[in-house]
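> Okay, so the sequence shown: first residue is 176 according to this note's numbering, each after it adds one.
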Amino acid sequence: MAGVLDSSRPSTALSSMFVSQHARRRAVPHGDDAVRARETLLDVAIANRPMLVNFARGFVGCASRAEDVVHDVFIQLMDLPDQDAVRRPICYVTRMVRNASIDACRRQSLENTYHADEDDGLDVPSHELTPEAKVQARDTLRRVFDALAQLPARSRTAFEMVRLSDETLQSTARALNVSQTLVHFMVRDAEKHCADCLDAGDRNVACPAFLGGRARRRQDAAANRS
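Right, here's the structure in full:
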């Protein structure tokens, strides 16, 4: 737009367009005050276009954006109502350019805040798992399910209710007709067994058999005696 609206040559294509529109409007009977007032504001804007562009440039900091701002003001003047009430056209038009420049700066600031260049997105890591990570996750889930399958039915149910269904110890104990303390131990033993099976898989050894609290305590006591 800067190439078309050259501020050093007021008689540009844009100015010619508005002037030709004025000529057509002058064919309207002179008794139409609204048309004459509109012509006056447009004439003022076109005649002072270089000054208005430089004025807008002081806000937006760019000649091409300043041209856009002034062009938008010209368009607003085409259908601005009650122009016959304007007593100081140059001040009125300058104020319109000022307000439009401030709005343009605000829009640019908002775009800079919430938008980024396309190249910036190339360095953003993807949230998708890599194929290797997906395979590893599926293998981990398979080993956990295998470990849970080795649990006694009541221990597995307690684990699923507390850890998977997010039930409380109290509601789980009521559903299984056992004490909350026993539910706590069953969940703890189930978690320990799953961890042992995952560790065994990492070491490429067989998954150990499940040992409940009492069996584990007996095993630990025997190991200490030996």
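We put the beta carbon where it would ideally sit given N, CA and C, even for glycine.
Leaving out five residues before and five after I265 in sequence, what residues of the same chain have Cβ atoms less than 8 Å from its Cβ?
One-based indexing of the sequence shown puts residue 265 at position 90. Excluding positions up to five away in sequence, the list reads V219 and N223.
> Measuring CA to CA, which of F249, F385 and K367 is closest to T269?
In the sequence shown, residue 269 corresponds to position 94, counting from 1. Ranking the options by Cα distance to T269, first place goes to F249.
> Span of the alpha helix (DSSP H) holding M361?
Working through the sequence shown from its first residue, we reach residue 361 at position 186. Q355 to D377 is the span of the alpha helix (DSSP H), which, as asked, contains M361.
> If contacts are defined as beta-carbon pairs under 8 Å, then V244 and A275 qualify, I think. What distance do you get, rounded to the angstrom?
Sequence index remark: in the sequence shown, residue 244 carries index 69 (1-based). Sequence index remark: in the sequence shown, residue 275 carries index 100 (1-based). Confirmed, about 5 Å.
> Does the distance from the C-beta atom of V337 to that of V358 stay below 9 Å?
Start at 1 with the first residue of the sequence shown, and residue 337 comes out as number 162. Start at 1 with the first residue of the sequence shown, and residue 358 comes out as number 183. Contact: yes.
> Checking 9 Å against the spacing of the C-beta atoms, do A370 and L326 come in under that value?
Taking the sequence shown and counting its residues from 1, one reaches residue 370 at position 195. Taking the sequence shown and counting its residues from 1, one reaches residue 326 at position 151. Against a cut-off of 9 Å, the Cβ pair of L326 and A370 comes out as no contact.
> Is the separation between the beta-carbon of F385 and that of V362 shorter than 9 Å?
Along the sequence shown, read from residue 1 onward, the residue named residue 385 stands at position 210. Along the sequence shown, read from residue 1 onward, the residue named residue 362 stands at position 187. No, the pair does not count as a contact, with Cβ atoms beyond the cut-off.
> Check D321 in the structure and name its three-state DSSP category.
Within the sequence shown, numbered from 1, the residue matching residue 321 stands at position 146. If DSSP states are grouped into helix, strand and coil, D321 belongs with the helices.
> Which stretch, first to last residue, makes up the alpha helix (DSSP H) that contains R270?
Translated into the one-based positions of the sequence shown, residue 270 becomes position 95. Run containing R270: P264 to Y289, per the alpha helix (DSSP H) assignment.
> For V310, count neighbouring C-beta atoms within 10 Å of its own C-beta (all shown protein chains included) and say buried if the count is 16 or more, exposed if not.
Translated into positions along the sequence shown, residue 310 becomes position 135. Flag for V310 reads exposed.
> Any idea what DSSP makes of P155, helix, strand or coil?
In the structure as shown, the chain starts at 176 and stops at 401, and residue 155 therefore has no counterpart that could be examined.
> Could you tell me if A241 is buried or exposed, where buried requires 16 or more neighbouring beta carbons within 10 angstroms of its beta carbon?
On the sequence shown, residue 241 is found 66 positions in, with the first residue counted as 1. A241 is buried by the Cβ-count criterion.
> Can you tell me where the alpha helix (DSSP H) with T332 in it begins and where it stops?
Walking along the sequence shown from the start, residue 332 turns up at place 157. It spans A328 to F334 - the alpha helix (DSSP H) in which T332 sits, taken as one unbroken run.
> Are the CB atoms of Q258 and M271 nearer to each other than 9 Å?
Walking along the sequence shown from the start, residue 258 turns up at place 83. Walking along the sequence shown from the start, residue 271 turns up at place 96. Going by C-beta atoms, Q258 is not nearer than 9 Å to M271.
> Beta-carbon separation of F234 and R273 under 9 Å?
Working through the sequence shown from its first residue, we reach residue 234 at position 59. Working through the sequence shown from its first residue, we reach residue 273 at position 98. The answer is yes: Cβ separation under 9 Å.
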